Amino acid sequence: MADPRKPAEKKRMRFTARLLRYAGIAPTAPLYERGRALVLYIMGILSLAVFAPVGISVIAAGSYLDGTVLLLAIAFLWLSLVLLRGGVGMRRAAMLAAASISVAMMYAIFFGGYRGFGTLYLFLSPIIFFYLLDFRQGIGFSALFSLFIAAAMMLPGLPVRQNADAEYLLRILILYILLSSLTGAVVYVFAQSQKRLQKVAFYDDLTGLPNRYLLRDLISSMILKTDREGASFAVFFVSISRLRNINDNYGYETGDEVIREFALRLEHSLPAGGFCGRFGGTDFIAGYPLRTRIPPERYAEEIHGRILKPFEPGDLHIRLSANISFLEYPAVRRNLFGSDENGGSGSAEGSNWADAEWIMKNLEVALDSVNGSSSGQTVRYDEGGHRDVRKRYLLTEALRSALGRGEIDLHYQPIISAGDLSVTKLEVLARWNSYSFGSVSPTVFIPMAEEQGLIREISEQLFARAMGQLPRLLEANAGDLVLSLNLSPVTLHSRSFIPLFRELIELHGGGLGNARIELEITESLFIQNDETVLENLNQLVAMGITLALDDFGTGYSSLSYLQRFSVGTIKIDRSFITSLQREGSSMEIVRAVIAMAKSLGIDTVAEGVEYAEQFDLLKELGCDQIQGFHFARPMPFDRVVGWLEQWRVNPGALTQ
Ligand code: C2E
Ligand code: CA
Ligand code: CA
């Protein structure tokens, strides 16, 4: 567990940290924070240095009440400044400060006979108002105070009138208004420019939450704090799934509203001492110290629960889910400091920043492993995952360039009629032969492409190529064929999908002949109940395209979908076929599925049939079609053409 920070550097860090802490300032706080803290600190010191001796001397002079009230007012002001630093929130601290000033002022005017300190306090008030509230409120408060003083001075019978003449009071009033506007304006400009800087640079426009830069600061402060205290904290990366579709379907305004609402829910879910922010797009980051004793897994569940509650912008009813990755610091410390990717060799702050960046980057990449494939998942980032995460990251980068380089290709796998062994369908399967990684399984790169927004382009290329090759395939199979294309759910969420698909078919329509197109979809599509998806599906069916339900039995397997969407084929998942045995539970399930499909007039395909025994059993159960290595593996175009021609002459002879 080597910490590369040099000892001298660490010592310096500890010293400045202690110094700043005495001043009530977090040493890793960003510059604007430190600036603001310093201003408040100086104001506090000044108020103590100036008013405390005055109060004490007033007491010494015999006016016990005057002195005590003054000291109390100072204590109030001081307390509110300290509280402000401690993070009670601007408004509450402002109210406290205003209350303390008002008390002192009222006392000064009504009972103190307008002594000097009362006037001084009056000058302090606009500073506070302008600084803590906004300009209009500052003006409003100052004006109100002026009126109040004027009224107080005009009221007959008050002690004020007895102690000072009208001309003196008028002079004071004018001076007060002049000075308060002046100081107010200066403080306002100063505070505004600071606020603007801070807003633009550190807060997200849409949600008002910290952006990724402030998040980096917040995480690095956490690192510093936990290092010092020997404590630990957890950081979460929350990625909302499918929000892109909301933008596509309902417009960006709705998408924005959903994001804002989620930001609120996330903020309200935070345990004590926690923070959260928007990392970008649909990604959020949250964190909290583990001394709260809330296990990270439970907090992740809490977030899942909050996002699952429907969003209701306007009269819509939107259901969302998220994937979450998290890590515990310093449990991942070895990774952090032992890793050569951590460029933190500069100042202590720089090093913490690099560590914070590292945490955010790796949590994001760790999520890629679940994003796209399914939602509602939580992954813990641990040391073992580090290499995988790194590889995934590189793989994602490679996938981006793969399309342009033509590394993505397709294979065809024949699907065979169980009755006469004729080839009924060809399933199109994507293949990626990567220049750097060799052949990569579609179970790895398809979810990745979905996540990276590349799936549409891939599907387009593959569909176009398959359509182009269809006439030759049709000819090889004696003029009759169904081309089965796997359709990623992500594609169906887009409104532009149908026109594009229609175009592709029309472009190659001449060669379609007797061939039909079948789209393989998964049940997850129905569960989401997305209107665009349902509309797209209906349009596809209207175009004469048939639907096959892929991986049947692994999902929800609700019968109602089958009828509602005129599904023509069920593909029984390979897991049932693999464990198929006479008198086993799989046997009963497969038997039931086939019987049900028959009664609904739906075709059945058994996936992953590898052995003759499985084929025999399936035939016995009445399964219509067979797909699997037993008859044929997925093959490139050239090979499948030859295979089809041979099979036609002698079906079954090529069985493996
Ligand atoms: P899938 O749609 O269930 O495709 C069937 C998978 O089973 C294919 O894996 C196929 O090679 C494999 N298979 C077929 N017969 C046998 C067998 O007898 N034994 C065994 N062990 N496996 C068999 P592949 O090509 O690796 O594809 C995996 C998954 O990737 C597919 O599962 C599909 O979900 C996805 N995929 C592949 N190509 C595409 C594509 O072009 N678009 C989309 N959206 N998804 C694709
Ligand atoms: Ca499939
Ligand atoms: Ca399948």
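The sequence shown begins at 246 in the working numbering and counts up by one.
Each residue gets a CB set at the ideal place from its N, CA and C atoms; glycine is no exception.
The structure displayed is predicted, hence computed values, not measured ones.
Outcome for residue i when other beta-carbon atoms lying within 10 angstroms are tallied against a minimum of 16
i	result
Gln714	buried
Glu652	buried
Tyr574	buried
Gln808	exposed
Lys670	buried
Ala247	Any reading at Ala247 must be qualified, since the residue scores a pLDDT of 41, below 50, and its modelled position is unreliable; no value is offered.
Gln870	buried
Asp796	buried
Glu751	exposed
Ser830	exposed
Gly500	buried
Asn759	exposed
Ser684	exposed
Straight-line gap, residue i to residue j (C-alpha atoms, nearest Å)
i	j	result
Asp493	Gly664	45 Å
His753	Glu512	53 Å
Pro879	Tyr657	5 Å
Ser466	Leu612	24 Å
Arg487	Leu565	7 Å
Gly568	Ala545	According to the sequence displayed, residue 568 carries Asn and not Gly. Looking at the two C-alpha atoms, the distance is approximately 9 Å.
Phe582	Ala479	Residue placement at Phe582 is poorly supported in this model, since its pLDDT is 49, which falls under 50; the coordinates still yield a value, given next. Rounded to whole angstroms, Phe582 to Ala479 spans 17 Å at the Cα level.
Lys636	Ile700	20 Å
Ala601	Arg645	27 Å
Asp883	Pro896	19 Å
Ser811	Gln784	12 Å
Leu553	Thr537	24 Å
Ser741	Pro558	24 Å
Tyr495	Ile815	32 Å
Thr767	Asp818	11 Å
Pro692	Leu463	32 Å
Asn456	Trp598	14 Å
Glu498	Asp775	18 Å
Leu770	Leu745	20 Å
Ile468	Pro540	18 Å
Ala898	Ser704	33 Å
Ile834	Leu719	35 Å
Tyr806	Arg836	20 Å
His562	Phe507	14 Å
Lys470	Ser620	34 Å
Lys843	Ala793	15 Å
Ser514	Leu825	47 Å
Ile491	Gln622	20 Å
Ile604	Phe481	10 Å
Closest Cα partner of residue i within the set the options
i	options	result
Arg625	Lys636, Phe571 and Gly887	Phe571
Leu666	Phe860, Ser811, Leu459 and Phe556	Phe860
Phe447	Glu506, Met880, Gly518 and Arg523	Arg523
Leu639	Arg650, Pro659, Val610 and Ile661	Val610
Arg510	Pro534, Ile548 and Arg538	Ile548
Ile847	Glu833, Gly867 and Phe478	Gly867
Leu757	Asp725, Leu745, Arg893 and Arg884	Asp725
Gly789	Ala647, Arg747 and Asp654	Arg747
Tyr856	Ile530, Gln872 and Met605	Gln872
Arg489	Thr471, Thr527, Leu454 and Gly683	Thr527
Arg717	Tyr458, Gly887, Gly532 and Leu454	Gly887
Glu702	Gly649, Ala837 and Thr767	Gly649
Ser484	Ser514, Ile464, Ile530 and Ser805	Ile530
Gly519	Tyr806, Ala709, Gly532 and Gln784	Gly532
Ile504	Arg538, Arg461, Phe556 and Phe481	Phe556
Ala694	Ser514, Arg543, Val615 and Phe481	Val615
Leu535	Phe482, Glu852 and Pro516	Pro516
Lys864	Lys470, Trp892, Ile822 and Trp603	Ile822
Thr849	Trp603, Ile660, Glu720 and Ala721	Ile660
Tyr458	Asn759, Cys521 and Thr471	Cys521
Leu460	Lys606, Ile491 and Val577	Lys606
Leu749	Thr777, Ile772 and Met712	Met712
Asn781	His875, Val735 and Ser662	Val735
Ala709	Val673, Val668, Thr791 and Gly813	Val673
Shell residues, 6 Å Cβ cut-off relative to heavy atoms of ligand 2: So the residues near ligand 2 by this Cβ test are Glu672, Asn731, Glu765 and Asp795.
Stretch-stretch touch, CB-based, cutoff 8 Å, three pairs: the region 679-697 with the region 717-730: Output reads no: the region 717-730 does not touch the region 679-697.
The region 467-477 in contact with the region 541-555 per 3-pair CB rule at 8 Å: In short, these stretches do not touch, since the Cβ pair count stays below three.
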